[in-house]
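**Q** Taken in order, these protein sequences are the chains called A and B.
For what it's worth, this note's numbering labels the leading residue of the first sequence as 1, then goes sequentially.
For what it's worth, this note's numbering labels the leading residue of the second sequence as 192, then goes sequentially.
Where is the CB? At the ideal position from N, CA and C, for every residue including glycine.
From a predicted model like this one, the values you see are computed outputs, not experimental measurements.
Protein chains: 2
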Amino acid sequence: MPVRERKERERARRHQLIVATARGIAEERGWDAVTTRRLAERIEYSQPVLYSHFRGKREIVGAVALEGFAELTAAIRSAVAGGPRGRAAVAALAEAYVAFAERNPALYDAMFLLDAGLPFTDPATPAPLREAFGALLDTLADVAGDADPGLFVEVFWSALHGLVALTRSGRLTEEGTARRLDLLVDRFTGR
Amino acid sequence: MPVRERKERERARRHQLIVATARGIAEERGWDAVTTRRLAERIEYSQPVLYSHFRGKREIVGAVALEGFAELTAAIRSAVAGGPRGRAAVAALAEAYVAFAERNPALYDAMFLLDAGLPFTDPATPAPLREAFGALLDTLADVAGDADPGLFVEVFWSALHGLVALTRSGRLTEEGTARRLDLLVDRFTGR
DNA sequence: CTCGAATGTCTAGCGGTGCTAGAGTTCGAG
DNA sequence: CTCGAACTCTAGCACCGCTAGACATTCGAG
């Protein structure tokens, strides 16, 4: 009975279309512009169709965020692929993280600013999130010194996120980003 | 013509009532619950009255945020009032900052998460914001070492904000906060 | 081939949002 | 006592996330 298979394929296709379209609108005009009406119109279906794929808008944001975590992981891994050590490795990671946020502001918002309903700290934490954390851990573990590597990653990640968040919301100037990153990396690699 | 003066007093009173009520609702039930209708009902005026005091909801959030900056400045100043030096001073400041955010989550959101329309980085930056930054600067200047103190403050503040933001949004566990703060202070005071 | 059931999609609408035009009222000045 | 300005209100706009229920389509059994 291949009919059902075809329908399932089509359904999966449409699922992906919704996620991609939501991301597209968010990148074009920000998440505020991602309304269920606009989204439905763009995919050329009515609003209720969205709710047959997702519980609600939050879950759509979550799906976009998951894509973001996979891409962030790739960006980090690629930034340290040449095998830099010590300060150079940390600097490469930090720059890759900030560049990712600058290049994908809407994606970054979905991952870290908006409520996407994703569990971050319990057993149900999705794999892409764990992998992103793992990518940070792999790079930072050997500069953590005698500190707990997991804790070290959390704090360094927090600092990066703080810089990105305050800059993106206009609370820090964009201009000083490079110097701030430099100082941050210094402090986390013992000058 | 004292009539006008009385009216102006009453108007200022109502202005403050709006700000205090908005803050109250936000503290009770979060900013999502601060709607113009609910706010109007609580102050026992109709919605349009709000718009004779503020351009819109964003400006009300901004007014609450300004209160927050004044209180944060006081909290920081009081935390370092005993004149601790070096690591102890930085630790006191960091703990005061995080404690402030924990104690006033809605206030913190207005200051650093929501779009309150406040200018942070240009000549029109309101005094309370400058003073809060100044309070950080006064404490941190003499542990900045050979780094530019302003830059040092920006980065340390970013790190604190990152910790607070990620914790408050469930991306970090609350449980590890103290250990993370410890590590952060270590890194910014040369171990 | 027919027909009832299941599946899928749509229209229409609920209760809510921020915000505002214009009507109505109040009140001080002359 | 009247008039005009200042003020506040009612009512409503366009939009939001979300959903009940009508309608169409497709499927499997007889």
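Let's see if you can read the secondary structure: which residues bound the alpha helix (DSSP H) around residue 311 (chain B)?
**A** Counting along the chain, residue 311 (chain B) falls outside any alpha helix (DSSP H), and DSSP gives it neither H nor E.
**Q** Measure the C-alpha to C-alpha separation of residue 142 (chain A) and residue 151 (chain A) and round it to an integer number of angstroms.
**A** Those two C-alpha atoms are separated by around 13 Å.
**Q** How would you call residue 349 (chain B), buried or exposed, if buried means at least 16 neighbouring beta carbons within 10 angstroms?
**A** So residue 349 (chain B) counts as buried.
**Q** In chain order, what residues of the same chain have a beta carbon less than 8 Å from the beta carbon of residue 259 (chain B), not counting five sequence neighbours either side?
**A** Here the set comprises 295, 298, 299, 301, 302.
**Q** Using the Cα positions of residue 18 (chain A) and residue 118 (chain A), report the straight-line distance between them to the nearest angstrom.
**A** Approximately 18 Å between the Cα atoms of the pair.
**Q** Can you give me the start and stop residues for the alpha helix (DSSP H) that residue 173 (chain A) sits inside?
**A** Counting along the chain, residue 173 (chain A) falls outside any alpha helix (DSSP H), and DSSP gives it neither H nor E.
**Q** At which residues does the alpha helix (DSSP H) containing residue 108 (chain A) begin and terminate?
**A** Its alpha helix (DSSP H) spans residues 105-108.
**Q** 9 Å is my cut-off, CB to CB: does residue 348 (chain B) come that close to chain A?
**A** For residue 348 (chain B), the answer is yes, since a Cβ of chain A falls inside 9 Å of its Cβ.
**Q** Any idea what DSSP makes of residue 276 (chain B), helix, strand or coil?
**A** Of the three classes helix, strand and coil, the one that applies to residue 276 (chain B) here is coil, per DSSP.
**Q** Roughly how many angstroms lie between the CA atoms of residue 337 (chain B) and residue 183 (chain A), to the nearest whole one?
**A** Cα-Cα distance, rounded: 11 Å.
**Q** Which runs of the alpha helix (DSSP H), 4 residues or longer, sit entirely within the segment 239-284 of chain B?
**A** Within the segment 239-284 of chain B, the complete alpha helix (DSSP H) runs of at least 4 residues are 248-270.
**Q** Tell me, please, whether the CB atom of residue 310 (chain B) is closer than 9 Å to any CB atom in chain A?
**A** Output row for residue 310 (chain B): interface = yes.
**Q** Could you check what DSSP says for residue 126 (chain A) in three-state terms: helix, strand or coil?
**A** The answer is coil: DSSP assigns residue 126 (chain A) none of H, G, I, E or B.
**Q** Quick one, which residues of the segment 177-189 of chain A are near chain B if we go by CB-CB under 7 Å, in chain order?
**A** Residues passing the 7 Å Cβ filter: 179, 180, 183, 184, 187, 188.
**Q** Evaluate the contact criterion for the segment 236-249 of chain B versus the segment 319-326 of chain B: three or more CB pairs, one atom per stretch, below 8 Å.
**A** In short, these stretches do not touch, since the Cβ pair count stays below three.
**Q** I'd like to check one pair, residue 185 (chain A) with residue 91 (chain A): are the Cβ atoms closer than 9 Å?
**A** A contact, by the Cβ cut-off of 9 Å.
**Q** Have a look at A:20, A:60, A:94, A:7 and flag the residue whose alpha-carbon is nearest the alpha-carbon of residue 116 (chain A).
**A** Minimum Cα distance to residue 116 (chain A) is reached at A:60.
**Q** What is the DSSP secondary structure of residue 374 (chain B), counted as helix, strand or coil?
**A** Residue 374 (chain B) falls in the helix class under three-state DSSP.
**Q** With a threshold of 7 Å on Cβ separation, who are the neighbours of residue 82 (chain A) within its own chain once the five nearest residues in sequence on each side are excluded?
**A** Excluding positions up to five away in sequence, the list is empty.
**Q** Do residue 72 (chain A) and residue 139 (chain A) have their C-beta atoms closer together than 9 Å?
**A** No; because the gap between Cβ atoms is not below 9 Å, this pair is not in contact.
**Q** Just the Cα atoms here: how many angstroms apart are residue 221 (chain B) and residue 370 (chain B)?
**A** C-alpha separation (whole angstroms): 28 Å.
**Q** Any beta carbon from chain A within less than 9 Å of residue 351 (chain B)'s own beta carbon?
**A** Taking Cβ atoms only, chain A reaches closer than 9 Å to residue 351 (chain B), which makes this a yes.
**Q** Would you tell me roughly how many angstroms separate the C-alpha atoms of residue 181 (chain A) and residue 95 (chain A), rounded to the nearest one?
**A** Residue 181 (chain A) and residue 95 (chain A): Cα-Cα distance of roughly 8 Å.
**Q** What is the rounded straight-line gap between the Cα of residue 357 (chain B) and the Cα of residue 199 (chain B)?
**A** Taking the straight line joining both Cα atoms gives about 43 Å.
**Q** Please state whether DSSP places residue 24 (chain A) in a helix, a strand or coil.
**A** Residue 24 (chain A) falls in the helix class under three-state DSSP.
**Q** On the criterion of 16 or more Cβ atoms from any shown chain inside 10 Å, does residue 202 (chain B) qualify as buried, or is it exposed?
**A** Looking at its Cβ environment, which holds fewer than 16 other Cβ atoms inside 10 Å, residue 202 (chain B) is exposed.
**Q** Would you say residue 245 (chain B) lies against chain A (beta-carbon separation less than 9 Å)?
**A** So no, residue 245 (chain B) is outside the interface.
**Q** Decide if residue 318 (chain B) is buried, meaning its Cβ has at least 16 other Cβ atoms within 10 Å, or exposed.
**A** Flag for residue 318 (chain B) reads exposed.
**Q** Output yes if chain A places a C-beta closer than 9 Å to the C-beta of residue 338 (chain B); else output no.
**A** Yes, its Cβ sits closer than 9 Å to a Cβ of chain A.
**Q** Please compile the residues from chain A whose C-beta is within a distance smaller than 7 Å of the C-beta of residue 364 (chain B).
**A** What residue 364 (chain B) touches in chain A: 121.
**Q** Pick out whichever of A:172, A:168, A:144 has its Cα sitting closest to the Cα of residue 187 (chain A).
**A** The candidate whose alpha carbon is nearest that of residue 187 (chain A) is A:144.
**Q** Would you check whether the ligand FMN has a heavy atom nearer than 8 Å to the C-beta of residue 165 (chain A)?
**A** You won't find the ligand FMN in this model; it holds no ligand whatsoever.
**Q** Assuming residue 64 (chain A) contacts residue 23 (chain A) under a Cβ cut-off of 8 Å, what Cβ separation, rounded to an integer in Å, is found between them?
**A** Their Cβ separation, rounded to whole angstroms, is 5 Å, which keeps residue 64 (chain A) and residue 23 (chain A) in contact under 8 Å.
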